[in-house]
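Residues 1 to 463 (the UniProt record's numbering) are what the sequence shown spells out, left to right. No residue lacks a Cβ here, since even glycine has one placed at the ideal position from N, Cα and C. Reviewing the structure listed below.
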Amino acid sequence: MDILNNNNINILDLPDEILRTILNKLNMVDILYSLVDVNQRFDRLALDSLYIHHLDLVIKRDDIHNSSVDTHIIERICSKILPRINDKVTKFTLEPLSVERVLGTIHYPQLHSLSFVNFQPKILSQHLLDKTMIRLLENQITHITVDVNIDNVEMPNRSEQNAFLVILLVSKCLSDLTYRQTSSEKYITILPSNISYTHCLSSTLTKLTINVNTFDDCLYLLNGCLQSLSTLIIRISKIDRSSSMIDNTKKLVKLKCFSLITDWRTCYYDQPVVPLLRRMLNLEELTLFLSVVRPICTYIDGNQLFDKALNYMPRLNKFIFSINTCIINDDIGIDRPSNDDIRNSFTERGIQSFDICFDDKFMNSQGNCHVYSLPYQFNEFLFMSNCFQGGRFDTVRLLSMRDERPFEHKLFQIISQDFPFLRQLIIRNDIPQKNGQHHSCTLITFNHLLALDILSVHNDCVI
Numbered sequence: 001m002d003i004l005n006n007n008n009i010n011i012l013d014l015p016d017e018i019l020r021t022i023l024n025k026l027n028m029v030d031i032l033y034s035l036v037d038v039n040q041r042f043d044r045l046a047l048d049s050l051y052i053h054h055l056d057l058v059i060k061r062d063d064i065h066n067s068s069v070d071t072h073i074i075e076r077i078c079s080k081i082l083p084r085i086n087d088k089v090t091k092f093t094l095e096p097l098s099v100e101r102v103l104g105t106i107h108y109p110q111l112h113s114l115s116f117v118n119f120q121p122k123i124l125s126q127h128l129l130d131k132t133m134i135r136l137l138e139n140q141i142t143h144i145t146v147d148v149n150i151d152n153v154e155m156p157n158r159s160e161q162n163a164f165l166v167i168l169l170v171s172k173c174l175s176d177l178t179y180r181q182t183s184s185e186k187y188i189t190i191l192p193s194n195i196s197y198t199h200c201l202s203s204t205l206t207k208l209t210i211n212v213n214t215f216d217d218c219l220y221l222l223n224g225c226l227q228s229l230s231t232l233i234i235r236i237s238k239i240d241r242s243s244s245m246i247d248n249t250k251k252l253v254k255l256k257c258f259s260l261i262t263d264w265r266t267c268y269y270d271q272p273v274v275p276l277l278r279r280m281l282n283l284e285e286l287t288l289f290l291s292v293v294r295p296i297c298t299y300i301d302g303n304q305l306f307d308k309a310l311n312y313m314p315r316l317n318k319f320i321f322s323i324n325t326c327i328i329n330d331d332i333g334i335d336r337p338s339n340d341d342i343r344n345s346f347t348e349r350g351i352q353s354f355d356i357c358f359d360d361k362f363m364n365s366q367g368n369c370h371v372y373s374l375p376y377q378f379n380e381f382l383f384m385s386n387c388f389q390g391g392r393f394d395t396v397r398l399l400s401m402r403d404e405r406p407f408e409h410k411l412f413q414i415i416s417q418d419f420p421f422l423r424q425l426i427i428r429n430d431i432p433q434k435n436g437q438h439h440s441c442t443l444i445t446f447n448h449l450l451a452l453d454i455l456s457v458h459n460d461c462v463i
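Following this line, the structure appears as structure tokens:
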């Protein structure tokens, strides 16, 4: 082999397929700023319509980034490149630095989708009231994604509610809206005090993905203000008692897909969650991620799910679930269902792909049962106890563990294998391990773990 010739290989010697693969792994801003106008081949690849139809103009910053440099980069892209490809762009992903410059002076006839990243609520509201933005919302935009970034000292305020309402009220073509926040403690409150519960906010929106504070926010969104809504994917900070001011009885005949996820345990499953589910008589897809506390001796099993909710959905063809029930009862003599009882309650109803984490020992007057569909499709796995037997959980990024009995080393070995992409681990257990002395030389690794919360664990709980 000719070593000299091998070392002189140029990147332009690579075939287009490999260069496209490389480009797809690079930041789009870097590509547009650094490679366009270098030569004709780079121009052809970097400005190909299949590559630039979605322009992500979010700058990836390090700890020493310079805002003036960022401004210069965006200015060059807007003045030299965007006018050449404006008729090819169908979607923009923008941040506060770039939104006004990108949208303010150039017309994009094919643009129908906008994604806003790292916006403070007040700044977002200001941009939404810009003349160019209003024109786009009224005439072109069908899809919007908003990721609101609320810092540690800022609390949700009317600016965020206003931003959400402006999007709905101004948009005349909008069919799909995603509105999320970076913190579960600062979800948006939708329920207004100055708008009728039946006032129409949008007649075109068919799909809404949103994080909200209360269950009343959910009821309000389903109570007629979104006339064409067929898909609601909603995450609620905490489900509390619902207001009697909002109707929770009217049938939701247009709703075809419903996903409900809650961050905190709730005591209000039977009221108001079950009545809401019973209203969805034309539902085809249902997703539930719930952690329920009950002062009775009955876990939420297959029989309860069907008898109280699923039997009211004759068109249901897809059911994804993760339901954790914590029973609190001082009567240790109560007749509790067994593992087999709960498993049979699902199989006898035709559900085969599922698993159970069932704790058959009452500790401190508490019992726990976690039932979930397979393959597991959620990002979180909450309240794991020693009854966990294993499985495959590639989607899980956050795992919380809690038990009144010690977590032994073997369980952490299972977790490290079964949760390969875990990023956050929370452990609550101050009971000393029984077998801690037998595995001091066995190393357990979590290759992707970024956050470990072990404030309430015993000293010998070594991972």
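For residue 347, the enclosing alpha helix (DSSP H) has its first and last residue at 339-347. Ranked by Cα distance from residue 236, the options 271, 225, 186 and 270 are led by 186. One thing to note: residue 182 has its Cβ within 9 Å of the Cβ of residue 150. Shortest Cα-Cα distance from residue 359 to any of 350, 369, 282 and 365 involves 369.
Residue 295 holds the alpha-carbon nearest to the alpha-carbon of residue 269 among 339, 295, 256 and 257.
Of the other Cβ atoms in all chains shown, fewer than 16 fall within 10 Å of the Cβ of residue 38; this residue is therefore exposed. In chain order, 33 place their CB closer than 7 Å to the CB of residue 76, counting only its own chain and leaving out the 5 sequence neighbours on each side.
Nearest in C-alpha terms to residue 361, of all of 326, 450 and 373, is 326. Counting only the Cα atoms, residue 392 lies some 33 Å from residue 118. The C-alpha of residue 308 is placed about 36 Å away from the C-alpha of residue 169. Residue 116 and residue 382 have their alpha carbons spaced roughly 30 Å apart.
Judged by beta-carbon spacing, residue 221 lies within the 9 Å limit of residue 210, meaning their Cβ atoms are closer than that value. DSSP places residue 129 outside any alpha helix (DSSP H), giving it a letter other than H or E. For residue 89, no alpha helix (DSSP H) segment is defined, and its DSSP state is neither H nor E. Residue 319 holds the alpha-carbon nearest to the alpha-carbon of residue 352 among 377, 336, 319 and 365. Segment contact: the stretch 446-457 against the stretch 414-426, three or more CB-CB distances shorter than 8 Å; contact assigned.
Residue range 16-24 is occupied by the alpha helix (DSSP H) that includes residue 24. For residue 28, the number of other beta carbons within 10 angstroms of its own is at least 16, and it is reported as buried. Nearest to residue 88 by alpha-carbon distance, out of 95, 52 and 122, is 52. For residue 294, the enclosing beta strand (DSSP E) stretches over residues 285-294.
At the C-beta level, residue 208 and residue 178 come within 9 Å of one another. Membership of residue 28 in the alpha helix (DSSP H) is indicated by the continuous run 28-34. Within the stretch 209-284, complete alpha helix (DSSP H) segments of at least 4 residues are found at 215-221 and 274-278, given in chain order.
Shown here, residue 72 sits in a helix according to DSSP, grouped into three states. In the three-state DSSP reduction, residue 78 falls in the helix class (H, G or I).
In the structure shown, residue 367 adopts extended strand secondary structure according to DSSP, grouped into three states. Looking from the CA of residue 35, the closest CA among 11, 54, 17 and 50 belongs to 11. Less than 9 Å separates the beta-carbon of residue 90 from that of residue 112. Spatial neighbours of residue 213 in its own chain (CB-CB distance under 6 Å, excluding positions within 5 residues in sequence) are listed in chain order as 187, 189 and 237. Inter-residue distance for residue 399 and residue 58 is about 30 Å (C-alpha atoms, whole angstroms). With the rule of 3 Cβ pairs closer than 8 Å, the stretch 252-271 counts as touching the stretch 282-291. Residue 413 and residue 427 have their alpha carbons spaced roughly 15 Å apart. The residues 45, in chain order, have a CB closer than 7 Å to that of residue 20 in the same chain once the five nearest residues on each side in sequence are set aside. Per DSSP, residue 451 lies in no alpha helix (DSSP H); the unbroken beta strand (DSSP E) holding it starts and ends at 451-457. In the DSSP assignment, the residues bridged to residue 402 are 428. If you draw a straight line from the Cα of residue 78 to the Cα of residue 244, it comes to about 52 Å.
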